[in-house]
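S.K.:
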Amino acid sequence: MTFKVNCDLKSKIKKQKYVTASAAQWELSTNAQESFAELQKSWNNLEIDKYYGELHPSNYRVRRYSDFDYVQNTGEFRPRNHVSYYQSKRQNSYAGGQNRHFGDILPEVYENEFFCSLVEYDFKQFPIPEIYFDHNWICQVHMIRIVVGSNQTTPTTPEGIHSDGYPFAGVHLINRKNITGGESRVYTVDSEQLASLTFKEPLDSLWFEDRLMKHYVTPISNNGDSEAHRDILAISFSLPDSPYTTDV
6 MTFKVNCDLK
16 SKIKKQKYVT
26 ASAAQWELST
36 NAQESFAELQ
46 KSWNNLEIDK
56 YYGELHPSNY
66 RVRRYSDFDY
76 VQNTGEFRPR
86 NHVSYYQSKR
96 QNSYAGGQNR
106 HFGDILPEVY
116 ENEFFCSLVE
126 YDFKQFPIPE
136 IYFDHNWICQ
146 VHMIRIVVGS
156 NQTTPTTPEG
166 IHSDGYPFAG
176 VHLINRKNIT
186 GGESRVYTVD
196 SEQLASLTFK
206 EPLDSLWFED
216 RLMKHYVTPI
226 SNNGDSEAHR
236 DILAISFSLP
246 DSPYTTDV
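Taking the numbering used here, the leading residue of the sequence shown gets 6, the next gets one more, and so forth.
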């Protein structure tokens with residue numbers, strides 16, 4: 006599976022703890038394009054997120070979530086047993102403090118060649134010492150679609166400016182249809198804005214050291230009567246019992 010991003014992501018992340026790249030900076034082989042197109046279809050098979058509530062009934066979120074074992078040196082990548090997603094109230098004032106259960110990531114996703122290559126690629130961009138390359142990392146994968154009803158606006162990150170507590174995270178736009186808004190912003194831990202990027206084209210992306218900063222996405226709107234949604238893939242990495250544990 007061949008693709009590359011025309012940007013020295015690793016150097017920029019090491020220097021400033023985050024980096025953005027537009028879809029125009031990605032180069033995909035024909036096989037990669039075909040595999041990515043198949044991956045995009047998987048967002049039509051997500052399950053309702055019952056924790057995204059008390060909003061207009063035509064606005065809702067669907068998603069899947071799973072943890073995987075990942076070993077960089079061997080390329081081992083396998084799904085773990087079902088696990089809930091937990092964040093403290095400190096990390097997520099909107100939905101934290103509870104064990105949230107979502108549908109597991111399906112084989113059509115984690116066996117997809119582009120997806121597997123993307124996991125490996127994302128890992129390699131972060132400033133991780135080689136001594137940890139043979140360790141069993143936990144790779145957390147979120148598939149999220151937010152649907153917006155006709156002439157509606159809905160929060161993208163109802164928890165506000167926050168950190169999810171992951172050591173390393175990559176966020177990739179999978180698709181965007183008939184919406185406006187959705188500007189991704191990164192901040193210092195003191196909530197001083199550093200940069201922003203509105204994901205408009207598939208594979209517009211952001212990589213960042215999540216524990217060391219905060220992030221936020223502005224609300225999205227559907228200004229018409231057609232179906233509207235925003236599809237995101239978030240891939241993060243943590244290593245229990247090491248300096249790279251997740252901060253809950």
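Each residue gets a CB set at the ideal place from its N, CA and C atoms; glycine is no exception. Since the model is a prediction, treat every value here as computed from it, not as a measurement.
Go through its chain and collect everything with a Cβ distance to residue 179's Cβ below 7 Å, but skip five positions before and after it.
M.R.: By 1-based counting over the sequence shown, the position of residue 179 is 174. Excluding sequence neighbours, residue 179 sits near 45, 48, 207, 236, 237, 238.
S.K.: Please confirm whether residue 138 and residue 173 have their CB atoms less than 7 Å apart.
M.R.: The count along the sequence shown starts at 1 and reaches residue 138 at position 133. The count along the sequence shown starts at 1 and reaches residue 173 at position 168. Their beta carbons are not under 7 Å apart, which means residue 138 does not touch residue 173 by this criterion.
S.K.: Suppose the cutoff is 7 Å on Cβ atoms and the five residues either side in sequence are ignored; what does the same chain contact list for residue 106 look like?
M.R.: For the purposes of this step, residue 106 is taken as residue 101 along the sequence shown, with counting starting at 1. Once the five neighbours on either side are set aside, the close Cβ partners of residue 106 are 89.
S.K.: Alpha carbons only, please: which of 10, 222, 21 is nearest the one belonging to residue 214?
M.R.: To locate residue 214, count along the sequence shown from 1; it is residue 209. Comparing Cα positions, the closest option is 21.
S.K.: Ignore the nearest five residues each way along the sequence and tell me which others in residue 181's own chain have a CB closer than 6 Å to its CB.
M.R.: Translated into positions along the sequence shown, residue 181 becomes position 176. The answer, listed in chain order, is 235.
S.K.: Candidates 54, 85, 217, 124: which alpha carbon is nearest residue 69's?
M.R.: As a working mapping, residue 69 is identified with position 64 in the sequence shown. Closest option to residue 69, Cα to Cα, is 54.
S.K.: Go through its chain and collect everything with a Cβ distance to residue 219's Cβ below 8 Å, but skip five positions before and after it.
M.R.: To locate residue 219, count along the sequence shown from 1; it is residue 214. The answer, listed in chain order, is 166, 167, 168, 191, 192, 193, 194, 196.
S.K.: Once DSSP output is grouped into helix, strand and coil, what is the label at residue 51?
M.R.: In the sequence shown, residue 51 corresponds to position 46, counting from 1. It is coil, neither helix nor strand.
S.K.: Which same chain residues, not among the five before or five after residue 142, have their C-beta less than 6 Å away from its C-beta?
M.R.: To locate residue 142, count along the sequence shown from 1; it is residue 137. If we look at residue 142 and ignore the five residues flanking it on each side, its Cβ neighbours are 75, 242, 244.
S.K.: Can residue 210 and residue 37 be called in contact, C-beta distance under 7 Å?
M.R.: Counted from its first residue, the sequence shown places residue 210 at position 205. Counted from its first residue, the sequence shown places residue 37 at position 32. Cβ atoms of residue 210 and residue 37: not closer than 7 Å.
S.K.: Can you name the start and end residues of the beta strand (DSSP E) that residue 23 belongs to?
M.R.: As a working mapping, residue 23 is identified with position 18 in the sequence shown. Note, residue 23: beta strand (DSSP E), 23-26.
S.K.: Residue ranges of each alpha helix (DSSP H) run of no fewer than 4 residues wholly in the segment 108-142, ordered along the chain?
M.R.: Those alpha helix (DSSP H) runs which fall completely within the segment 108-142 and span 4+ residues are 112-115, 118-129.
S.K.: Could you check what DSSP says for residue 217 in three-state terms: helix, strand or coil?
M.R.: As a working note, residue 217 is residue 212 in the sequence shown. It is helical.
S.K.: Determine which residues share a DSSP beta bridge with residue 145 and list them.
M.R.: Along the sequence shown, one-based indexing puts residue 145 at 140. Answer by DSSP bridge pairing, in chain order: 72, 241.
S.K.: With H, G and I counted as helix, E and B as strand and the rest as coil, what does DSSP make of residue 43?
M.R.: To locate residue 43, count along the sequence shown from 1; it is residue 38. In the structure shown, residue 43 sits in a helix (DSSP, three-state: H, G or I).
S.K.: What residue from 176, 230, 198, 200 has the CA that sits closest to residue 28's CA?
M.R.: Position 23 of the sequence shown, counted from the first residue, corresponds to residue 28. Looking at the Cα atoms, 176 is the closest of the given residues.
S.K.: When you compare each of 73, 79, 126, 58 to residue 31 by their alpha carbons, which one comes out closest?
M.R.: Within the sequence shown, numbered from 1, the residue matching residue 31 stands at position 26. Of the listed residues, the one whose Cα sits closest to residue 31 is 126.
S.K.: Note down, in chain order, each residue of its chain lying with its Cβ closer than 6 Å to the Cβ of residue 33, except the 5 sequence neighbours on either side.
M.R.: Here residue 33 refers to the residue found at position 28 of the sequence shown. Excluding positions up to five away in sequence, the list reads 8.
S.K.: Could you have a look at residue 166 and say whether DSSP puts it in helix, strand or coil?
M.R.: In the sequence shown, residue 166 corresponds to position 161, counting from 1. Here residue 166 sits in coil by DSSP.
S.K.: Looking only at its own chain, which residues have a Cβ that is under 8 Å from the Cβ of residue 247, when we skip the five neighbours before and after it?
M.R.: Stepping through the sequence shown from its first residue, residue 247 is reached at position 242. Closer than 8 Å at Cβ, skipping near neighbours: 137, 140.
S.K.: With H, G and I counted as helix, E and B as strand and the rest as coil, what does DSSP make of residue 14?
M.R.: Position 9 of the sequence shown, counting from 1, holds the residue named residue 14. Helix, per DSSP.
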